[in-house]
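Participant: Residue numbers (the numbering used here), protein chains in the order written: chain A, 15 to 348; chain B, 15 to 348.
Just so it is clear, CB atoms sit at the ideal spot from N, CA and C, and this is done for glycine as well.
Here it is, the structure, as structure tokens.
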């Protein structure tokens, strides 16, 4: 490493996302300003990363010549485009030059590159995407949100441990309560997968049993474990519901002149509420189980989401997320 | 039938639900008042159903001596308690004395009784629970919401047809657009189940392809097809989110004295919004695929939800839901 040990280095894909590179650069600038211990390796085309790095402290350029597009087959693209921003970013992590990698580009490509280039933590069967959701109580971790559409019970048992490590590292929750997403509270309920996962999870530290859909927004547990199909539906549904209900609420506020006056009075409070419900606040999903930090952002990430992703990434690195996952899964084998 | 043909007769389980019989009786009273063509066969213990029926026009008592409790094993209870309100209610449908049966009691027991006593429509592989959800556009039908935790692709293909029949019968949508709930829009995305179901659905009238979680509240399609595990999680999550977000709004409105004044101005509009989002408005889920109408209410159904269930039930009966499903599935075989 070329930087002092108290500095956290994140490689950032300057070319990934619907609003790249503009939104990425703005987000990096905000993150560097907010966190003097953050260092960014900005990965992308020379004409984008070099001028920006020259103008910003704690930022170094890593010029690449290729870009993996959204439509490409992930694994094939990762194998053929070895000088793409995604592959090079993962290589920086593998070589120890960066503590983590962030991209708002193709989720499939980042997943493939993280798995092929960085590799899994020993013993991990399937890496899983985790995300942090706002709830009526404290935020909670949901995983898998889409890395594995079809799961075996053993995967879910590992997701529980990885999710608990992430809740500790990212949210500071010392003894996370883990819930298995199911369609009934009692043991023996649900799909065969959920029933078998329940049995496997029964001995796990912090396992609080089954939870149902309504328990997620209620904030009943700190970690919600499910397969990548259900988790992805849940995540997108929650985003859609927040947007829909805020829209309905806004329409109600604007439905008459006298309402509009009242709405003006309420504006600051409603702005704070919107912020609280904003998924951008925890906008990045780490791929847990990789032997290094790999973070994915929404394709539609704006500067704020990107800055927040880098903040979350730095927090996870400083909390020793990867070694904590390795230790937690290692205990399983012992 | 002992009633004129233009009258719709619903058998109602007076003993089912957390607030039975009080809430059921209040709901029946409201439904009878609202709909002069509705006739109710009130099924339950004599001391409950007889005085009520004596005091209300268009209501007849059917006295039973047994109750299936929430904790009982559904199929076993249905087989042994042949004079329970749930079994007798289904028998009234089987014998043609009622057009439909409603209960807010044990979902499992109603499902078992409907299947064992009334029986399936010929050709139906698995009956499915359907529910109507509020969206940003028109309400939409979601199924299966919990009858089948594990599904085969063929079940989902039938759910699509049954759901379309229900959207036409209950919501008056002539050519319903059907979406398959998935974790990506393109064909070939998702779990093995979703991929195989997509292939089967490709020829179905009205099939609009894959939709994602966020498309449900957006109201992109009229019928959302999924397995009973995912559907149940979606339904309960939407209920939880509505409750959570309305709670957050309320807290924001009450966060300062000046906000409270503004909130008072907004009260009528917000009341209308709460009503719009209220799942009680479409509070009953029919078990589609049964050779007669079987409707389940939330265990926590209040009078309003029960009245609404009877309204929905009468609408579905008058629209010929059961024969429409039979015809739609019959076309499949032809």
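Beta carbons nearer than 8 Å to chain B: which residues of the region 41-70 of chain A have them?
Facilitator: Taking 8 Å as the Cβ-Cβ cut-off against chain B, none of the residues of the region 41-70 of chain A qualify.
Participant: Under 9 Å, Cβ to Cβ, is there at least one residue of chain B near residue 163 of chain A?
Facilitator: yes
Participant: Assign residue 105 of chain A to one of three DSSP states: helix, strand, or coil.
Facilitator: helix
Participant: Could you name the residues of the region 208-237 of chain B whose beta carbon sits closer than 8 Å to any beta carbon of chain A, in the order they occur along the chain?
Facilitator: For the region 208-237 of chain B, the set of positions with a beta-carbon nearer than 8 Å to some beta-carbon of chain A reads 208, 226, 227, 228, 229, 230, 231 and 232 in chain order.
Participant: Taking 7 Å as the limit between beta carbons, can you name the residues of its chain near residue 44 of chain B, skipping five residues before and five after?
Facilitator: 317 and 321
Participant: Assuming residue 52 of chain A and residue 24 of chain A make a contact with CB atoms under 8 Å, what is their CB distance in whole Å?
Facilitator: 7 Å
Participant: Secondary structure at residue 33 of chain B, three-state DSSP: helix, strand or coil?
Facilitator: In this structure, residue 33 of chain B counts as coil in the three-state DSSP scheme.
Participant: What ranges does the alpha helix (DSSP H) occupy inside the region 188-216 of chain B, keeping only unbroken runs of at least 4 residues that lie completely in it?
Facilitator: If you keep only unbroken alpha helix (DSSP H) runs of at least 4 residues inside the region 188-216 of chain B, you get 206-215.
Participant: Taking the CB atoms as reference points, tell me whether residue 75 of chain B and residue 150 of chain B lie closer together than 9 Å.
Facilitator: no
Participant: Report the neighbours of residue 108 of chain A on chain B: residues whose CB is nearer than 7 Å to its CB, in chain order.
Facilitator: Neighbours of residue 108 of chain A on chain B: none; closest Cβ ~28 Å, over 7 Å.
Participant: Could you tell me whether the Cβ of residue 258 of chain A comes closer than 9 Å to any Cβ of chain B?
Facilitator: yes
Participant: So, is the C-beta of residue 146 of chain B closer than 9 Å to a C-beta in chain C?
Facilitator: Checking the listed chains, one finds no chain C in this structure; the protein chains it contains are A and B.
Participant: Where do the N-terminal and C-terminal ends of the alpha helix (DSSP H) with residue 137 of chain B fall, by residue?
Facilitator: Counting along the chain, residue 137 of chain B falls outside any alpha helix (DSSP H), and DSSP gives it neither H nor E.
Participant: Would you call the region 21-37 of chain B in contact with the region 200-216 of chain A, where contact means no fewer than 3 C-beta pairs closer than 8 Å?
Facilitator: no
Participant: Report yes if the CB atom of residue 22 of chain B is closer than 9 Å to the CB atom of residue 311 of chain B, and no otherwise.
Facilitator: Contact flag unset, no.
Participant: Tell me, please, whether the CB atom of residue 249 of chain B is closer than 9 Å to any CB atom in chain A?
Facilitator: yes
Participant: If you compare alpha carbons, which of B:166, B:48 and B:92 is closest to residue 243 of chain B?
Facilitator: Considering only alpha carbons, the answer is B:166.
Participant: Nearest chain B C-beta to residue 82 of chain A closer than 9 Å, yes or no?
Facilitator: no
Participant: Got a sec? Which residues, its chain only, sit under 6 Å from residue 60 of chain B by beta carbon, not counting five neighbours each side?
Facilitator: Within the same chain, residue 60 of chain B has close Cβ partners 77.
Participant: Going along the chain, which residues of its own chain have a beta-carbon closer than 7 Å to the beta-carbon of residue 331 of chain B, five neighbours each way excluded?
Facilitator: Closer than 7 Å at the Cβ level, and outside the excluded window around residue 331 of chain B, lie 22, 113, 114 and 307.
Participant: State yes or no: is the C-beta of residue 184 of chain B within less than 9 Å of the C-beta of residue 146 of chain B?
Facilitator: yes
Participant: Nearest chain B C-beta to residue 120 of chain A closer than 9 Å, yes or no?
Facilitator: no
Participant: Pairs of beta-carbons, one from the region 123-130 of chain B and one from the region 151-159 of chain B, closer than 8 Å: are there three or more?
Facilitator: Between the region 123-130 of chain B and the region 151-159 of chain B, the count of Cβ pairs shorter than 8 Å is below three; the stretches do not touch.
Participant: Measuring CB atoms only, is the region 131-138 of chain A touching the region 30-45 of chain A, in the sense that at least three cross pairs come out at less than 8 Å?
Facilitator: no
Participant: Confirm the yes/no value for this check: CB of residue 258 of chain B, any heavy atom of the ligand PLP, distance under 8 Å.
Facilitator: The model on display carries no ligand, and the ligand PLP is accordingly not part of it.
Participant: Exposed or buried, which one is residue 71 of chain B when buried takes at least 16 other CB atoms within 10 Å?
Facilitator: exposed
Participant: So for residue 74 of chain B, helix, strand or coil by DSSP?
Facilitator: strand
Participant: Name, going along the chain, the residues of the region 271-284 of chain A whose beta-carbon falls closer than 7 Å to a beta-carbon of chain B.
Facilitator: 272, 273, 276, 279, 280, 283 and 284
Participant: Give, in chain order, every residue of the region 179-198 of chain A whose Cβ lies closer than 9 Å to some Cβ of chain B.
Facilitator: Going along the region 179-198 of chain A in chain order, one finds 195, 196, 197 and 198 with a Cβ nearer than 9 Å to chain B.
Participant: Cα separation between residue 354 of chain A and residue 109 of chain A?
Facilitator: Lying before the first or after the last residue shown, residue 354 of chain A is absent from chain A, which here runs from 15 to 348.
Participant: In the DSSP assignment, find the unbroken alpha helix (DSSP H) run with residue 93 of chain A in it and report its ends.
Facilitator: Residue 93 of chain A -> alpha helix (DSSP H) spans 88-94.
Participant: Please list, in chain order, all residues of the same chain as residue 173 of chain A whose beta carbon is under 7 Å from its beta carbon, the five residues on each side excluded.
Facilitator: Excluding five sequence positions before and after residue 173 of chain A, the CB atoms of its chain that fall closer than 7 Å to its own CB belong to 142, 157, 158 and 239, given in chain order.
Participant: Please report whether the beta-carbon of residue 253 of chain A lies at a distance below 9 Å from any beta-carbon of chain B.
Facilitator: yes
Participant: Whole angstroms is fine: what's the gap from residue 336 of chain B's alpha carbon to residue 171 of chain B's?
Facilitator: 17 Å
Participant: Please list the terminal residues of the continuous beta strand (DSSP E) segment that includes residue 350 of chain B.
Facilitator: For residue 350 of chain B there is no data in the structure shown, the boundaries of chain B being 15 and 348.
Participant: Residue 309 of chain A to residue 271 of chain A, Cα distance in whole Å?
Facilitator: Straight-line Cα distance between these residues: approximately 46 Å.
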